[in-house]
Amino acid sequence: MSTIITKIGHSLSIILILLMFSSCRLFETDDLGDYWYVAKIKNNTNETLLVILGEEPPIVDSLFIIPDSSVSCRGGMKVYKGQDVIKELLFTSGYRPLESRARVLRGDSVLVDWHGPAEDKGELHHFYNYNSWKSWLKNERDGIVEFTIYESDLQGN
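Residue numbers (the numbering used here): 100 to 256.
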């Protein structure tokens, strides 16, 4: 009889410990912001391109983009009403590969080599020009911020 009570006691102890650790966040609410934006790069050329973000490993992100498609270049960004997702968050919120350099390659050939930091560069189409990025809401909560690579970008270098 005491063996059964001991086993029940150990089982209850384990269950209580598991409940303590798993329910710590039960009543906590995460601040999700007002909007959730995903950054994308769109390939508006006839070529399959390799885009390399960042200076050197281990902080580099490589993306293959087929013609007429776009890929996410960074995960979601929490955005609040009144914030400018491009100027205030895209290049400054801790995703290091976006901060300094973006290269576009076809095969082994570097076609474009853009360098940061991001700034307002007027009408110049450049990866680190705030004005070259577009942002919009696709529904009440989710948004997209997107840079488009055009054929003229590849011919400019």
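Glycine included, each C-beta is placed from N, C-alpha and C at the ideal position.
Host alpha helix (DSSP H) of residue i (start-end)
i             : result
glutamate 250 : 250–254
Own chain partners of residue i with C-beta closer than 6 Å, once the 5 adjacent residues on each side are dropped
i              : result
asparagine 238 : none
tyrosine 136   : Met176, Val178, Val184, Gly242, Val244
Own chain residues within Cβ distance below 8 Å of residue i, not counting five before or after
i              : result
tryptophan 235 : Gly242, Ile243
tryptophan 232 : Ile185, Leu189, Val244, Glu245, Phe246
lysine 139     : Ser169, Val170, Ser171, Cys172, Ile243, Val244, Glu245, Phe246
glycine 221    : Asn228, Asn230
Start-to-end residues for the beta strand (DSSP E) that takes in residue i
i              : result
leucine 188    : Per DSSP, leucine 188 belongs to no beta strand (DSSP E) and is neither H nor E.
arginine 202   : 200–205
isoleucine 165 : First-last for isoleucine 165: undefined, no H or E at that position.
lysine 220     : No beta strand (DSSP E) contains lysine 220, which DSSP labels as neither H nor E.
aspartate 183  : Taken as a continuous stretch (DSSP letters only), aspartate 183 belongs to no beta strand (DSSP E), as it is neither H nor E.
serine 208     : 208–214
For residue i: DSSP bridge partner residues
i             : result
arginine 173  : Ala138
aspartate 241 : Trp135
serine 161    : Ile151
leucine 236   : Gly242
Same chain, Cβ closer than 7 Å to residue i, five either side skipped, listed in chain order
i            : result
glycine 132  : Lys177, Val178, Tyr179
tyrosine 194 : Arg173
serine 168   : Asn142
Rounded Cβ spacing between residue i and residue j (contact assumed at less than 8 Å)
i              : j              : result
arginine 205   : leucine 148    : 6 Å
histidine 225  : tryptophan 213 : 6 Å
isoleucine 164 : valine 150     : 6 Å
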